[in-house]
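Some notes on the structure that comes next.
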Amino acid sequence: MILALLLPLMTFAADWGGMEVKMWSDGDITWADFKGVTPSEKNAPVSAFECTLDVKKEDLGNGRMYFAYAYMVKLQSYVTDTVIATPARLRYHQLQFDALEVMRRRLQNDIVMGMDDEQVKERLTYYRNVYLDQLADIDRETDYGTNDSKVVAWEYFTQKNLEQMPVPESPQSVPSNWGYGLSVGLGGIFPIGDISDTFDGNFTFNAGLIGSYRRLQLQATVSYGQPGLNNRNVYGEFDPDGRPAVDVLDNNASFIDITVSLGYSVVKTHRFSMTPHFGLFWGKYKWNATFLEWSLDEETGDYVSRVTGTETRKFHDVNWMAGIDFDIKLHTARSHDDFWFGRREQLTSSLRITPYVAHAVYNEHNPSVKGYYVGVTVSYFGLARALKLR
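Using the working numbering, you'd call the opening residue of the sequence shown number 41 and step up by one each time.
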């Protein structure tokens with residue numbers, strides 16, 4: 041029973057993404073492949089096998105080409121009871137599958153000779169019909185697989201066809217060497233040295249863009265946080281009597297850093313990778329300063345201050361950074377539809393843990409604020425790589 045072959049031709053060049061299938065090239069079928077629901081009718085056959093012939097247009101990198109596929113539709117194939125389903129019955133279904141593979145090879149060899157879309161569609165219809173006619177002959181002569189001698193004869197005929205017919209090259213989708221992705225996450229950055237005398241460490245929100253080629257990885261990450269101020273008079277401004285002439289309006293400053301680095305994966309397995317990277321670190325602090333004016337309170341005899349104005353102040357620096365990305369792969373999937381440049385993509389998600397160190401010298405003012413940072417980020421990292429055929 042090959043009902044899948046009777047589907048409308050609107051399935052032409054369709055992606056079977058949602059269906060659970062088994063390619064002929066995956067090996068002989070077993071009863072475990074029959075995952076469909078048994079019909080409720082009492083006279084339903086012991087088993088039913090659904091397979092189909094289809095084509096897909098794949099990207100070869102330098103153009104697109106049709107490839108023919110012969111596959112079993114598992115959820116439309118069923119067995120009522122593997123106890124009463126004999127090996128001979130399974131052998132009969134395998135014969136059906138082998139006969140379909142003969143048609144696939146014929147179709148693929150025709151495609152290789154050169155065809156446009158309409159011609160491929162016509163040949164697909166032709167070989168589907170030829171297969172249905174041959175299947176009817178097999179069913180009639182073998183009495184639906186119960187005549188062992190006829191099954192053997194058809195097996196011999198089919199195997200000879202497979203042996204004598206050259207196997208057309210089947211596409212193998214592999215990810216390209218180039219990839220791109222992004223990351224989002226949380227982290228913390230903590231200053232050491234003069235910077236810590238002025239600003240506290242802080243938690244950060246971060247996002248990044250990644251480009252990769254084989255084991256090389258170029259990434260740019262931006263982080264934002266709000267550190268507290270340990271020195272409310274950063275530049276040491278005092279009035280003639282030694283009282284601070286500047287304070288801060290808010291208790292926190294804003295801090296943003298951007299890193300651009302190049303790394304190389306020294307360890308790269310199916311589930312884990314470790315990538316040291318080195319690059320540039322741009323850090324910027326910004327805070328709101330208030331100008332103070334002091335006067336003597338005649339009632340208390342104390343000097344009190346009042347705010348005479350506010351000003352946004354900031355400083356920044358470009359320096360070096362170094363870190364190590366530890367990527368733990370969570371999931372890998374392949375897109376069913378084309379993404380960029382008309383290609384399908386392999387999508388990989390990972391948990392990325394990145395400890396790093398950076399240097400900064402904010403020496404635009406006197407006294408200078410300089411030191412090091414120790415930081416860590418934990419982010420969700422996604423990478424996409426275009427699929428190509430080889």
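We treat Cβ as the ideally placed atom computed from N, Cα and C, and that holds for glycine. All figures in this text were calculated on a predicted structure; none of them were measured in a lab.
Nearest to L147 by C-alpha distance, out of K96, G265 and G221, is K96. Within the DSSP bridge table, the entry for S375 names no partner. In this model, V416 and F295 are separated by some 15 Å (Cα to Cα).
Under the DSSP definition of a beta bridge, T261 partners with G248 and T299. The region 237-244 makes contact with the region 263-283, as at least three CB pairs between them are under 8 Å. For the 8 Å CB-CB criterion, M361 and L302 do not form a contact.
Cβ contact annotation for I178 (same chain, cutoff 6 Å, sequence separation greater than five): W194, in chain order. Counting only residues of its own chain and dropping the five nearest sequence neighbours on each side, D367 has a CB closer than 6 Å to the CB of S313, S390 and R392. Only exposed fits H371, as fewer than 16 other CB atoms lie within 10 angstroms of its CB. By the Cβ rule, the region 245-253 counts as touching the region 410-427, because three or more pairs are nearer than 8 Å. With a beta-carbon spacing of about 18 Å, G67 and R129 fall beyond the 8 Å limit used to define contacts.
A400 sits in a strand when the DSSP states are folded into three classes.
Here P206 is exposed, its C-beta having fewer than 16 other C-beta atoms within 10 Å. Counting the other Cβ atoms within 10 Å of the Cβ of A329 gives 16 or more, which makes it buried. One alpha carbon belongs to R255, the other to S223, and they sit about 18 Å apart. Going by DSSP, F137 is part of the alpha helix (DSSP H) stretching over P127 to V152. In the three-state reduction of the DSSP assignment, K354 falls in the strand class. Per DSSP, W194 is one residue of the alpha helix (DSSP H) stretching across D188 to Q204.
The C-beta of Y253 has fewer than 16 other C-beta atoms within 10 Å across all chains shown, which makes the residue exposed.
Minimum Cα-Cα distance from V123 among the listed residues W71, L427 and V300 corresponds to W71. Taken atom to atom, the span from the alpha-carbon of P231 to that of K410 is near 9 Å. Segment contact: the region 334-353 against the region 281-301, three or more CB-CB distances shorter than 8 Å; contact assigned. In the three-state reduction of the DSSP assignment, L115 falls in the helix class, which pools H, G and I.
Within its own chain, the residues whose Cβ lies closer than 7 Å to the Cβ of V307, once the five positions on either side in sequence are excluded, are S313 and M314, listed in chain order. Distance from the CA of Q257 to the CA of V160, rounded to the nearest whole angstrom, comes to 41 Å.
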